[in-house]
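Below is one structure; the comments refer to it alone.
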Amino acid sequence: MKQSFSTSSFAVNVSKRLSMGVISCLLASQVATAQTESKPSIVSSVTESGITTTTYSNGKIVKSVADGYHLDTAFYKNSNVVLSTKQKQYWKITDRIGIATPFCKEGEDITMFLKPGAYNYLTVNHFWGKVGFGILGGYQNFGVSDDYKGPQGLIARNAATRGIPTSALNYDKIGSYEDFLLMIGPAVSLPLGTKFSLDIDAKGGLMNTSAPRFGATMPANLGVDQIIFRLTPSASKNQLGGVLSVDLLYNLSKNWSLGLNAIGFVTKTPFTTIGQDAAPGNILLTKEDTRTHGGCNFGLALAHTFGTCSAQTVYELLPPPPAPVVCAVPTLESESGRMYDYGSTEKPTFRWKSTSGTPENEEYIFKLYKADGSGIPVYQQTTKSTTLNLPNNVSLVNGDECSFYYYTIQSSVQGKCLSEANAASFGYKAKPAPIAPVAKTEDQYIFKIFGGSTATKYFGTGKPVRKPRKIAKAAAPATVTAAPAKKLIPRRKKASAGTATGVKKYSTVVNYENVATNPNIKWPEDLPLPKSPAVYEYEVQRLSAGDCKPTGQVAKYKFYIDPKKPNDIRIIPDSPKRK
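Below, the structure written as structure tokens:
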């Protein structure tokens, strides 16, 4: 839609609003300037416990020790002092001026024909650090385009329905659209380096909106003009609205900033229309209506800060921290490792003793486990007593197989700590296996093979080697009145790694142990042969026929063996005694 603008009226309005905003901002900052330029004075100075606290008029607090040195970082770390910093506080007044541009939905401009105007907003915010809160007051106006006289306007359409040509109409004097704002809301000021800052204001509140005034009349016969159409402000002008303002400011000095401003606003505008009905009779009708009104404003922003209160640093002396709560590990007094006989219904009594200096503050956590690898307690209890008996509903397995249990005890103080666990075990024996009578067996001998050394140690001098002497069997008792003889099941001790590869030095380590019925020396089939000829010691002792326990004297020999001739074992004779 084509619109025409009145350049002279627009320039006058903008200049008036700009001068009013600058003057208001200068007046509001006079008191603040006088305050910031004055030097801070001492408000109070108090000395307590060797520390002097000095408070200044600008809110700064300094603590110093008795010798006059200021508290340093090392003092904070090595003493119970907390350093806290309050945020910087200040006031900021901002005046914004520029061009106000209305935004209308499609078709609604035919109603009011608004064109750009001017605005002037003034905000005062109090900031705590980067966040603030304040109030906004402002004014904006919009002109009316001459398009309202065109063929699309309500006046022309109303006249056309009555057959009146537009040339016969007299147009009223135009009244501009006006908004007065009074709002409150938060604000944010974000520094962008040392010279720039970004201020964002979001305000909401009351907007007093006055619709424009325009219309047309036609001369009547009686000298009184007849109204063809007229649009006027409604009686209910107060509406809710919102404003979002963004300022990009450049810091001219410590307290002054200048920059660009962009504003978006929205509200409702009530208005009244007067016109004749198109129906026969030409009845004059008055209607109340409301339309959404919004727009975008662009201009300049001038800001000034005052009443600055610097960040306050406070040192607070705290009381000494409480002593840590320590839980001591209790000691067990009940017997550990005890085995109960098969079929016994006896249960152990668990006893322990506190190792803490204040046992009255302790409580104990007892847990009983079965040694099956599950790690799940079969019973647990928390008690303040140092003795515990298992209740009757806790059954312990006592079957044909061995049953093992273990238990732990821990101490706790007021639920603040838990000691390490002290543990012990007990169990029940398995059912004894019946012993079937066996026939008398032949005599048995237990023999052991010791050490191992190279053969050159004994045969390097070429001494003769005595043939193995045969050991006679010990005579068995003529009459056996005791229980039937018990045959000992052979127990074999595997050879060590050293024997398997041949030993070079004599050792008292048992390389092989077994039971045989023949006491003569013979190299065991399951014992690896040495890699080279070697000398070993051989020990043999007879076993009792009744209980298979060693009895009688122990015979000891040294023998030589060649891995190439394992069956040719030769006994080394003892060295003759010197005369």
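Read in order, the letters of the sequence shown correspond to residues -34 to -1, 1 to 545 in mature numbering (1 follows the signal peptide of the UniProt record, and there is no 0). Where a beta carbon is used, it is the ideal one built from N, C-alpha and C, also for glycine.
Original post:
Do you know offhand how far Pro532's Cα is from Ala402's?
Top reply: 40 Å
Original post:
For Pro499, which of Pro490, Phe525 and Pro516 has the nearest alpha-carbon?
Top reply: Phe525
Original post:
Out of Phe316, Arg304 and Tyr504, which has the shortest C-alpha to C-alpha gap to Phe416?
Top reply: Tyr504
Subject >> Among Ile150, Leu164, Phe93 and Phe195, the one whose alpha carbon lies nearest that of Leu135 >> reply: Phe195
Subject >> Within the region 247 to 327, ranges of the beta strand (DSSP E) (whole runs, at least 3 residues) >> reply: 250 to 275, 279 to 283, 304 to 306 and 315 to 319
**OP:** Measure the C-alpha to C-alpha separation of Ser211 and Phe108 and round it to an integer number of angstroms.
**Re:** 19 Å
Original post:
Near Pro343, which residues of its chain fall below 8 Å by C-beta distance, leaving aside the five closest residues on each side in sequence?
Top reply: Lys333, Leu334 and Tyr335
Subject >> Own chain residues within Cβ distance below 6 Å of Gly170, not counting five before or after >> reply: Met149, Gly151 and Gly208
Original post:
CA-CA distance, Ala(-3) and Ala84?
Top reply: Annotation note: pLDDT 43 at Ala(-3) (below 50); position unreliable, coordinate value reported separately. Approximately 30 Å between the Cα atoms of the pair.
Subject >> Per-residue DSSP class, three states only, for Ala362 >> reply: One detail in the question is off: residue 362 reads as Leu in this sequence, not Ala. Note: Leu362 maps to coil in three-state DSSP.
Subject >> Nearest to Leu158 (by Cα), restricted to the options Lys313, Val475, Ser320 and Asp213 >> reply: Asp213
Subject >> Cβ separation of Asn227 and Gly265, assumed to be a contact under 8 Å, to the nearest whole Å >> reply: 5 Å
Original post:
What residue ranges within the region 128 to 190 form continuous beta strand (DSSP E) runs of no fewer than 3 residues, ordered along the chain?
Top reply: 143 to 158, 162 to 176 and 180 to 184
**OP:** Check Leu334 in the structure and name its three-state DSSP category.
**Re:** strand
Subject >> Cβ separation of Pro314 and Ile375, assumed to be a contact under 8 Å, to the nearest whole Å >> reply: At roughly 13 Å, the Cβ-Cβ gap does not stay under 8 Å, so Pro314 and Ile375 are not in contact.
**OP:** Count the other C-beta atoms from every protein chain shown that fall within 10 angstroms of the C-beta of Thr311, then say buried if there are 16 or more, exposed otherwise.
**Re:** exposed
Original post:
Which residue or residues does DSSP assign as beta-bridge partners of Phe231?
Top reply: Val209 and Gly261
**OP:** Could you tell me how far apart the beta carbons of Glu301 and Trp318 are, in whole angstroms, since I believe they sit closer than 8 Å?
**Re:** Contact doesn't hold; Cβ gap of about 12 Å is too wide.
**OP:** Put Ile121 into one of helix, strand or coil per three-state DSSP.
**Re:** helix
Original post:
What did DSSP end up calling Lys414 once you bin it into helix, strand or coil?
Top reply: strand
**OP:** Kindly indicate the opening and closing residues of the beta strand (DSSP E) around Trp489.
**Re:** Where Trp489 is concerned, there is no enclosing beta strand (DSSP E), given that its DSSP letter is neither H nor E.
**OP:** Could you please give the first and the last residue of the uninterrupted beta strand (DSSP E) stretch that includes residue 575?
**Re:** This structure gives no information on residue 575, because the portion of the chain shown stretches from -34 to 545.
Subject >> Secondary structure of Thr77, DSSP reduced to three states >> reply: helix
Subject >> Test item: CB-CB of Asn12 and Tyr22 under 9 Å >> reply: Here the sequence assigns Val to residue 12, which means Asn is not the residue at that position. No, they are not a contact pair.
Subject >> For Lys530, three-class secondary structure by DSSP >> reply: coil
Original post:
Start and end of the beta strand (DSSP E) containing Ala66?
Top reply: Gln55 to Phe69
Original post:
Between the Cα of Asn359 and the Cα atoms of Ser351, Phe237 and Gln346, which residue gives the shortest distance?
Top reply: Gln346
Subject >> Pair within 9 Å by beta-carbon distance, Ala153 and Asn91 >> reply: yes
**OP:** Decide if Pro68 is buried, meaning its Cβ has at least 16 other Cβ atoms within 10 Å, or exposed.
**Re:** buried
Subject >> Option nearest Ser202 by Cα separation, candidates Gly341, Ala177 and Asp409 >> reply: Ala177
**OP:** Name the one or two DSSP bridge partners that Glu386 has.
**Re:** None, per the DSSP bridge assignment.
Original post:
Buried or exposed: where does Phe99 fall if 16 or more other Cβ atoms within 10 Å of its Cβ makes it buried?
Top reply: exposed
**OP:** List the residues that DSSP assigns as beta-bridge partners of Ser377.
**Re:** Tyr330
Subject >> Rounded distance between the beta-carbons of His259 and Thr233, thought under 8 Å >> reply: 5 Å
Original post:
If you run the structure through DSSP and keep just helix, strand and coil, what is residue 546?
Top reply: Nothing in the structure corresponds to residue 546, since the chain is present only between -34 and 545.
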